[in-house]
Each structure stands twice: as C-alpha cells, then as structure tokens.
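Protein chains in written order, with the numbering used here: chain L, 667 to 1076; chain D, 667 to 1076; chain S, 19 to 387; chain R, 19 to 387. Here the structure is laid out as structure tokens; the discussion comes afterwards.
Structure, rendered in structure tokens:
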C-alpha cells in the first residue's frame, strides 16, 4: 500500500518529474539495464556513462539531495531522495555503482573528516569528478573484517602501505579509494586500525580484476607495495579507523537491504512456463506461486522501510531481515527456473533460453548469500541486534592483534 | 544387499528359528505392535508381558546372547544377537523397553562394577526379575547432562540423595534405577559426579508420570527427598560417575541409531493415497517417491551397520548420521501424510483416518528430533567426531561446578 | 499485523490482551478444550456485553460497532495469541462475514443476533472447502422456504450454534440458507480434533427446513470468505507472535554448557529465520487486509497469497518453538503443543496452503495469458 | 560408493586417482573446457593403452577388460572426482553400455572400437531424455540399411565422436542404428554448456545413411541406460566426495573471529548435513549397482531412486561448498564452480530428479494397485 504524498512532497515530485522529462531519456533505449557486459571495454563505457549522468545531476542540484548545501548538496531529507529515486525509475538513466559509493563515503567524511578533507574531497566526490572504491576486505579478513593485516606505517614522511585488498568493486575505474590499514599490531584488533584516503594513481598500487563464478569482472584484487600516502589523509586520526569503518558498513547494510527489493522475475517465469507449455504442471504452478508470493512479501517489506523513512523514522524492518530473505528467495527462484527449463538448463550463452539469463542468475546467488556479508553473519545480526540473543564468546577482542593465531605474525 | 551367513551362522540361525517356532506366537495376534495404549492399566499390562517374554528368553539361554556365561549370558558375538533379532522379527514377541535398558546398564556394570555388584545385580537384570530405569536428565541438565544438580552426599550412614530427575522412561514400572548425582560441587562439573544404583522402592522416591505432546506416558519425573542409598551402591567410586555415564550414553546412541531403521510407512502412504483417489496428484507422487527413497536409504545405512557388526568391525556408519536422518525423514514423512489427508488432517482419534495415526506421528517427531539427544547435539557430534571440525570454546569445563552461572548455587 | 497501529487500535488491542490474560489462562483453556462446547458462555457474555466483540465489524444498524475489517483482524490476532476459547471465529467471523457480504439485508436479524452473542455457525465444507463440487441437495418448497439434505463437514462451532448458515449449491450457482440448529432433520456430531481449542462438527441434514437468505450468493460468499481468510491469517499471526516470543525468551534464559542456548548459532539462526518469516507473515497479512478494505483489483489474489504464506510460516514457527524448548517443549503440560495443534488446524481450515497457492497460480496464468 | 572395496578395486582406484592428479590439474581442465573437443587425445590414448579405461566393462572378446559394472562405476567415480576431461562418459559408458546391452553381437565391432579408444557417442534425447515421444524419422532402405532425418539433442561428446549410436523410434518400438559421423546428411553443432567440462552437441540428420544394430531394442536400451545412470551416480558421488573434502578442509583451516570457521555451528551443522547426504548418496548408489549386477527384480526402480537422490544431493553439496568458502568460493579462479556446473549438468543428463522420482512413483503405484 502506498502512503500518500504530503502537499510539499507532491510539489517536489512534480518538480523532479518536470526536470527528468526535460533531461532524461525515456525507458526504451535500454542502456541503464544493459550495462553488465563482460568485456573490459564495455565495462569502461558503462562506467563513463554513469559518471556523466551523476555530473548532470549534480550540476542541476539533484546529485546529493540529502547532503549539506555547503558541499554542493541540496540539504533535503530522505523523503525527497526517495521521491527522486521513484521518479527516476521510469527513465532510462542510472548512476550505477557511483551513487552507492557516494552513499558510503560521504557520511563518513562528513562525520569524521577534518574541515580540510571535506573541502578537498566532497565536491569532486558528489560530482563524480573523482570516483571512489572501498578498500576493506582482505583474503583473511572477510566476515571478520577487523582481522585485516594490510600494513600502514606512519613516519615523518607520511604513511607507507604494504599489503593486499580483495573484493574491491570497480577499483580499475576509480581515482580514489578509502582504505583500512593495520597501523598498530600491539593493541587489540579493533583499536589498531586506521582509515586512509588514497589516490589510486599513486605508484605501487596494482589492480588485478578478479573474475567471479559467472565470468563477470566487478571485483578486483588490489596490491600495495610501499605506497606513500600523505600523513594528513587519515580520517579520525591514527588508530581511529574502526568507528569510521563501522559507519560505512552501517550505510552499506541499509543500502544492500533496500536496493534490491523489487526482485522481479516471478512473472517472467510464469510467462516462460506458459510459452514452453509447462504451466499446467502442478509442481511448477506451486513453485511459481510460491516465488511470486515471496517477491510480493519482499516488495512489501521494502514499502515498510520506505514508509518509515518518509515519516522520518528509523527503518521499520531490519536490513538483515530483508537481505537474507532477498538472497535466499533469489536462490530458490533460480532453482525453480532451472527446473522449468528442464534439459535446456544444461546450456549457457547463445544456445540457452534468454542467453542463459537464469543459469547466470543461479550462479550469481552468491552475490546475495555471500556478497555484502554472508547470510550467516546477517543471521547472527538478526539474532543479536533484533532479538536480543547473547553474543558468542569472542576470544579475539581483548588480545593484542600480534598475539592472535592467524594475525599478522604467523 | 544381504551379506550371506557363514556356515556357523546358518546353523545358529536354524537353531534360533526352531526354538522360536516352538515357543513364540506368530505375527497376527498383534500384541507386540499394539502396546502403546495411553492408559496406566494398559501400559502396566504391556510392561508385564514384555517382562514375561524376557524371562522365557533368559531361561532358554537367549536372554543375553553377547554377555558372559558367568552371569547367565550366552557368551556369543554381536552377529548372533543380530541373527536372533532378525529371526524374532517374524514372531509376535517383544521385550519392549527391557532389552534396551539391559543394553545400557549391563555393559556399565561389567566394565565398572565391583565383583559383588555383578554378582548381586546382573542375573536379576538379565532375567528381568528386576527391571531398571535410567535416572540421568534433569530440568537444567538436558543436552548438557554434566550440569546435573541432584545432590548425593556420602556420610558414614551411606548416600543421601535430594533432587529431581526428568525424562525417566518407565520409572513407574521399574524396581531399580541407575542414578547420576552431584557428589562434589567444588571440582569441575565432570569430576564431581557419582553413579549410584538405587532401589526404586526406597522411601523418599516419588514418581510422577509426565505426559508428552501426544498424551502418552512413557516418561516420568522422579523426585528424591532424603533418599538413603547404601554406600556400596556406587559404581566406579565416589566422583567416578562420568566415565560410567559416557559408556551408557555411547550404548544409547548406537541403540537409537540402529533400532528404528526399518522406518516403514512410505508404502502405507502410497496405499492410502490410492485409496483416497489422490495418487494421480503429481505433487503427492513426488513427495511419496521421495519418502520411499529416503526410507530405503535409511534401511541400507542400517544394513551397512549390521554388516560391519557381523564382520566384527565397528559400525560402518556413525550412529548420529542415522539418528539425524531418521528423525528428520520421519518429520518430513508426517508432513507428507498430513498433506495427503487434506482437511481430514484436522481430526484426531476415532474421527480420523487410521485413528489419527499420522497426526500422532506428526506430533511425535520430537521423540526423534529431541529425545535421545537433540538433532543439534548430534550434528555437533558428526561435525566434531566424524569430520574432525574443532569444538567450540567451553567456558564450563575448567571451573568448579559451584562457581558456574546456572550451577547449584544460584 | 500489529505494527503501525493507531492509538485507538492500540487501546483496543491492550484491552483484549488484558481480558484474555485474565479470562483464559492455560488451565482454563485446557478445561474448556475437553468440553463439546469449547467455551464458557459466561465469558462470552462478558465479551459481548462489555467489549462488543462479536459485533466489532457488524454494522451499527444491526447492533454492531461498525468497525472495519482491520478491527476484526486485530481482535482475531488477540484471540489467536491467547488461544482464547470462544465462538468468535465461528460465529462473528465466519458466519458474520459471509452473511454481511452475501445477504446484508435479508441477514439483518441474523447479524443482530451474532452481534448480541448468539452463536451462529457457517456450514460450508463438504469434502473440502472448495465452493466448486458442493453436493448438498436443496428441495424448494415455497418462496424462500426449502429443505436440505446432505452433510456439511468441519463446521466451526457447529455443535454449540443455535442457528446455521448453509452454503448450498443450486442450479447455476450458490444460495445461502438459514437453518435452526434444533430443527427436525438436523443432526450434529462434535468431531475429535487435532486442535482441541477449535470445535468442529459434522452436520447431517435430512430434509431439514431452511429459509433462503440470498440467491446467487457466490460473489458475496467469496467476499465473506476472503474476509474470514484474512481474519484467520491475523489469528495465526497472533499465535506466531506468542510462539516466537516464547522461543526467544527461553533461548535467552535457558543455559546449557555454561552458555545461554540462544548464543549457539543452531538456535540463534533458527530464531533469526523465524523472525524473517514473522516479518513476512504479518506484512503479507496487513497488505492483504488493506487491499481488501480498499477493494483493490488484486485483493482476492493477495488474500490467497497471505493465507498460503502465513499457514506455512505459523506451522514452521510452532514446530521450531518446541524444538528450541527441547524436552520440556514436548510435554503435554507446556502450551507449545496447543499452538502447534492450532497452527496445523488453521493451516487446513478454509483450504490448505497448496489450495491457496493454486488460486494464486490460476490468477497469474490468467493474467499472463 | 567407495566403501568396502576389495584390494584389487582399491588399487584400480588409486591408480586412476594418481593418473588424473598428474594429467588433469585445474589449469589443464580449464584449457580443455574451452575447446570443442574437451579432451586431449594424447591423454586419452594413454588412458586407453596403459589403463584400458574405455574397455573396462567391455567383454574380453571385444578387446575390453571384461570387468563388471562395479569397476565401471569405480572408474566413473574417479573421473567425476577429478573432473577428468575425457570421452569416458560419452563413449565408454553411454554408447558402450547401450550397445553392449542392446546389440551385443551386432555391436561387436563397435565395442571393440570403443575399447580401443575410438570416440563413439549415443544420440538419444530429442526434447528430453524420455524414450517415449521420440520423433526421429527412419526410412528403411534394404536389409539393415536405412536413412535418418531429425535432430538429436544433448549428445555427449557428439562433436568429437567418429561414430554415432542412434536410438530411433520405429513402428512398435525402438531400433538402434549406427551412423558415421562424417557421413553426408550429418551435421553437428557443439553447444555452449553450463558444465563446460562435459561437451554436448546437437546432431541434425538429413537423410543420413544408417546401419541397424538391433531391432526391438527397447529393453536392451533401457538396461544400458540403467547402467549409464548408475555410472552417472558414481561420477556424482566422486565429485561430491571431492567437494565435501574441500569444504571440510577449508572449515578447519580458515579462521575468522579468532576461531576456525568450522567451530561455528552454522558451518559445522551445514557440513554435518552434507555428510549425511554423502552417506546416503554413496549407499544408494552402491546398493543400486549391486542390485543391477545381481539382476534383482527391483533393480530398475533402485536405479531411479539412486539417481533422484544423488542428483539433488550433489547439487546441494556443490552449492554449500561455495557458501562455506565464502568470497573466495565464488571466484572464477577457484574450482568450486566447476563442480557446481558439473552437478547441475549431471542432475539433468538422462532425466532430472523429478523424472526419476516419477518413475519410482509409477512403480510404487503399480505394485500397490
């Protein structure tokens, strides 16, 4: 059920609509939804186009609706952002990866950055003149991010960084990165972390694409060898990185929880079943009805979050609830799809139904069940944060990082 | 697939068969399978009949095939026991609860009992002149049995027992019980436990039936108030109870794992579906085929255990594997059954199909998923014992029992 | 359901919760579930006279309170939460909604009686709850008088009802009749039920005299049943809420191996999954109720969607609650099995989850074709 | 499968495992899976000449080793474990078993060729793998000569085969034909497959010349397919074994939050469940193989039972293995997805789990009726 706009919201919506109609192409050309080709050139072209649209938005005053006017934002509320997003959904435009990267780093800079950092970085960030990647995860620091080892040593010449990051989305396209380093291994793991702002064009940084199970290349490994970072590029001071990282992760979790809710596909599957003459199969009918119902439920949970945000309240449904349900219903949906395809499910690419869309969807389930935090970690979160169940004992919280088995020293 | 008998085994089988044909009624009268009426009188009659059959077996030399002849056993091997059980399955006889209680306590007495204890207790146990119940679990000591609090204090006058036990099968029918008490709260939890042999007719013991979800009364609560137990009725000495208990539990786990493998019902469900004109429903067909396949798999896992035992080897499949699969396939089977019954699944008792057999089966799933150790505890066992995965940290193992939160003192 | 309630709704909810906490403790539920009637007439009188419960959604013109379907569902949520022994579901919801939707004018007296606390039952199912394939025989007498022959099954509160509303197949459709339960040719038999807290009966008609309430009543009956299905969802959400609270509380308190069992992932993740189901179940119920109230085009399919989702979810929750409780959970003495029995019964009343999903599939197929 | 092996069997197994460890490392699998042929002819020659792999179950009279179905399945288990790139499944198993069962005498030369390492493919499926509903057109010429028109799909190793064995519908049953892959009127197209390590092709026949191998071949084809299904089970059990070992090893080594992740119940219980499935899968396969070898009356239904169970179990294991590995598990570079692709492909080759369960249901129904 839709909450109705207030009078002010309706006026804002009309203004947005009018601007979009004047400046955005209508759905049909299709670039906003066709951007995931698996060649480096296609990916670069897609990234450039997203950047250009963010620049257009910024110049017209829509690029950062909820951020302060002092840095080129609009100073509006979350309701205005939602209205803008709802209206923009009818047009063939997207900022792709960029708006989510802005949503992660901008609040961290605003909350913890020095005045000089805000002055230097915020405007180019919001206009996408400089794009940013997140350098957090490492091979041995996945679910347990605070186990990170990438070393950052501060001397009179500034920071020197050595180590490796993993799962860095779009690192090959970005000019800047926000980086977590281990700056002090002699204190407990959460206390010895610093948050650095790094120019990705600095010598000593090597970016290697890391193809995933589908062959897609969203992710990268990033290697740092004696990389120099100016001393002043630390946010919240040396050793103060963990609270900044937590703020980023909180925004990431909300964004993951709400960005994929309109999880369509069930109706396409019904049509596919009809086209293939299989819709009379009672097993498939049950499975497809179940899939459709679950999609509706996800959509309604998204509506609840939207409505609470519109009312200026905290999200009404926990982000992890939506994330887990989304990830697992997506997995179930691809199982149904492959059952529906029967023997043809063995095919891929040009020889497969819809160029292998559902096979790809099946393989890509891990973007939901692992990416953005495993479903296991999110279930812990629901249990502890929402239901108030006790945490497990954590042997790693009190000891110096250096002493931990699996820490930097072994 | 059946392993073939050796020549000696074939001769033994023939001997068993001949004796059974002379002494046991054939299937048909049906008492061996109809014993679970829910009235106290019916339960007593059932128990008496089981006892009489164990006495007949003992007197003929079949009552304790694998136990030493010195105590009235036959001194045979596990292969002979299996052959006897296989042959007896065609006759309308059972020892019900008694053979499993003998399987639990006899090995403990043999391994840890004094010569005097063996002399005093084994023969009446094996002949079921004295029947035994297991007094282990308590309200706060379920999965974590070693957290038990029932107090046993040893003085010059012998043991004095105060406390409560729970889930004691057939306590209302038994003359004796084997009892775990906390004899020393000042040492770590596993070290302060003693194993006592208790005459259930001693003053101060109160047995209260504890009806379960189905209304059945297999279980009891047993209350001890200043119950006197002779000093010499301790097995393995004061504080030596835990290894004895572990031996009992090991035998219990094997027995649970193997006793229910012929987990029939799938074929009865197929017949029910046909009778009710529902067997053309593709959903039901799939579910019934799945159920039947799972039953076969369980049966084969049982065969593997049997064959390894026949070869004198340790069981070839871990008991917990079979226990979890058995418990959960039983639960799935009752779900299928209730779906098959449709609206009539809402009924029970005389008004329901088969007097509510499947509804009862549905409610009774917890005898598998909780009784004899929860499936969660058994999954831990598979992970740790079979797959070699590390245990979780155990904050309760090193501290004096008295100091534990949730121990006797709070 | 019970999120974003108005202040008035919150007060209504709190009043009912207090009432049932006092009037329906476990011992009283257990006493009444062993009786044929299944409820205490004195308590029902109080619920009627002091809280106006049976008339909550009946028009003021018929002596009801004239509140919306939302209020009815809110009340059902509380009765489901408390397992309150009362003819509220059978009389006010099932009979009330069907009569109000299918025969608002002719059923005026009947609605007034329901609002006044008379127990009226809906005789609907035969083999199952599908409106197609009914076989009851109707012999027309004169005007709206007829006589009925056949058997209706699973009639909620059928034994304690004073009057019966009968859904009867006639040439070309469905008519709705009223029958006095005490009339000649009516024989009722209370059924032994898995869920002992909801009383079902078989009703045999042998030329029983009946008065027609409505002709061509199928659309109205369907609308009434849609409302009853929603109230059944709400009732299940209420039970689900109780069950999950119970499991969470136990997981926090119960200690084994020196830790609260809720700190073990096996328990924590099971409860997290139940919480996800709970969010889904109450959201689906609320959205379907709002769609029904707003008379949206897809309201009917959303009712089926909610029922299928909630039926399965509640059964899962009732099962898992017992598993989390371990041994104590499957004792007779603990109420957990009463909720499991209710969940299993509710999952099949008015059609099981498979039936409701099939209705969704039909609608999806028709729309796509 | 791989429990209670004889000493000879253990040695055979160890030999194959060593061979594939050396000849099929990940890099080689990945190189070959991007080729149309999918295997290295030189390696296949070694497998043929030194280990006699393609002839393992082919009679000695045809140049094979004359071992039983058990040996064939043991070999399949090793190829499945290693994801070994070879035409073993397509040629020795599928074509070999069907010809040996359906045309043991007329197929002598073909069996000799298979044993000698020639790649022969079985052209069976059209819309799916069901023997009912085949539509290929057969025009009789003279004696056993005929010409074929139509399309066969999903032909394993169809592109690299030198000869094709074609299952063709004729009035009153099924005949088996042999076609030269290079003949006029035969056109083959390698398909892009989800499982890139098993090569499938569509084969179009346009009046292609064929020689009849057997008339009324349905019972023989069914027996041959039963054997092939069992070998497919064994192959999947082999992959399952590899996958579960990998997941267990990672869960022991990988540390997060100061603990090995295998100490967390979320991981530990997932692996315990996989272990239960693994015990079930290998037991079901072994029992069905023994029943087939002993020619028991219910052997056919046990084959369907095993296939349904193993197909689902292997897919589950391949999925969960990646989940346990976390991020690194779903990289292209890690072999886990190759096993997932194989599991998904194997689950549909020769009919999916639903098809095999339906065969079980038919048998159960016929027996009970």
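Every residue gets a Cβ at the ideal spot worked out from N, C-alpha and C, and that includes glycine. In this text, all values refer to a predicted model and were calculated from it rather than measured experimentally.
| Query | Result |
| --- | --- |
| Cβ of residue 745(L) within 7 Å of any chain D Cβ | no |
| Spatial distance of residue 124(S) from residue 317(S) (CA atoms) | 26 Å |
| Alpha helix (DSSP H) segment containing residue 47(S), residue limits | 44 to 51 |
| Close-in-space but distant-in-sequence residues of the same chain around residue 775(L) (CB under 8 Å, 5 per side omitted) | 783, 784, 787, 788, 791 and 901 |
| Close beta carbons around residue 772(L), own chain, < 8 Å, minus the five adjacent residues each side | 730, 733, 788, 791 and 792 |
| Local Cβ density within 10 Å of residue 955(L), reported as buried at 16 or more and exposed below that | buried |
| Nearest-angstrom Cβ-Cβ length linking residue 226(R) and residue 204(R), presumed shorter than 8 Å | 5 Å |
| Per-residue DSSP class, three states only, for residue 879(D) | coil |
| Span separating the alpha-carbon of residue 289(S) from that of residue 253(S) | 21 Å |
| Limits of the beta strand (DSSP E) - the one that residue 167(S) falls within | 163 to 174 |
| Min CB distance residue 949(L) to chain D below 7 Å | yes |
| CB contact check: residue 169(R) to chain L, cutoff 7 Å | no |
| Three-way DSSP call (helix, strand, coil) for residue 201(S) in this model | coil |
| Residues that DSSP places opposite residue 222(S) in a beta bridge | 169(S) and 205(S) |
| Bridge-paired residues (DSSP) for residue 380(R) | Residue 380(R) pairs with nothing; no bridge assigned. |
| Top-ranked residue by Cα proximity to residue 1035(D), from 1057(D), 718(D), 1063(D) and 998(D) | 998(D) |
| Cross-chain neighbours of residue 355(S) in chain D, by beta carbon under 8 Å | 879 and 1029 |
| Whole-Å CB distance - residue 1077(L) paired with residue 883(L), under 8 Å assumed | In the structure as shown, chain L begins at 667 and stops at 1076. Residue 1077(L) is therefore absent and cannot be evaluated. |
| Cutoff 7 Å: residue 685(D) Cβ touching any chain S Cβ | no |
| Assigned exposure category for residue 845(D) - 16 Cβ within 10 Å defines buried | buried |
| Min CB distance residue 953(L) to chain D below 7 Å | no |
| Cross-chain neighbours of residue 857(D) in chain S, by beta carbon under 7 Å | Within chain S, no residue comes near residue 857(D); the closest Cβ sits about 15 Å away, beyond 7 Å. |
| Chain-order list of residues whose beta-carbon lies under 8 Å from that of residue 695(D) (same chain, five-residue window excluded) | With a pLDDT of 47 at residue 695(D), under the threshold of 50, the modelled position of this residue cannot be trusted; read the value that follows with caution. Once the five neighbours on either side are set aside, the close Cβ partners of residue 695(D) are 758. |
| Residue 180(R) in three-state terms, based on DSSP | coil |
| 6 Å CB neighbourhood of residue 331(S) in its chain, flanking five on each side removed | 295 and 299 |
| Below-7 Å beta-carbon distance, residue 1059(L) vs any chain D residue | yes |
| Where the beta strand (DSSP E) containing residue 1005(D) begins and where it ends | Segment 985 to 1007 is the alpha helix (DSSP H) holding residue 1005(D); no beta strand (DSSP E) there. |
| Partners in chain R for residue 1025(L), counting only beta-carbon separations shorter than 7 Å | 212 |
| 8 Å CB neighbourhood of residue 858(L) in its chain, flanking five on each side removed | 848, 849, 850, 851, 852, 905 and 1067 |
| Distance between beta carbons of residue 65(R) and residue 56(R), contact taken as under 8 Å | 14 Å between Cβ atoms; not a contact. |
| Any chain R beta carbon closer than 7 Å to residue 701(L) | Per-residue confidence for residue 701(L) stands at a pLDDT of 46, beneath the threshold of 50, marking its modelled position as unreliable; the derived number appears in the next sentence. For residue 701(L), the answer is no, since every Cβ of chain R falls outside 7 Å of its Cβ. |
| Endpoints, the alpha helix (DSSP H) within which residue 831(L) is located | Run containing residue 831(L): none in the alpha helix (DSSP H); it sits in the beta strand (DSSP E), 824 to 831. |
| Nearest neighbour of residue 765(L), chosen from 1058(L), 798(L) and 802(L) [CA to CA] | 798(L) |
| Within chain R, partners of residue 937(D) - CB distance below 7 Å | 386 |
| Close-in-space but distant-in-sequence residues of the same chain around residue 930(L) (CB under 7 Å, 5 per side omitted) | 961 |
| CB contact flag (residue 132(R), residue 114(R), <7 Å) | yes |
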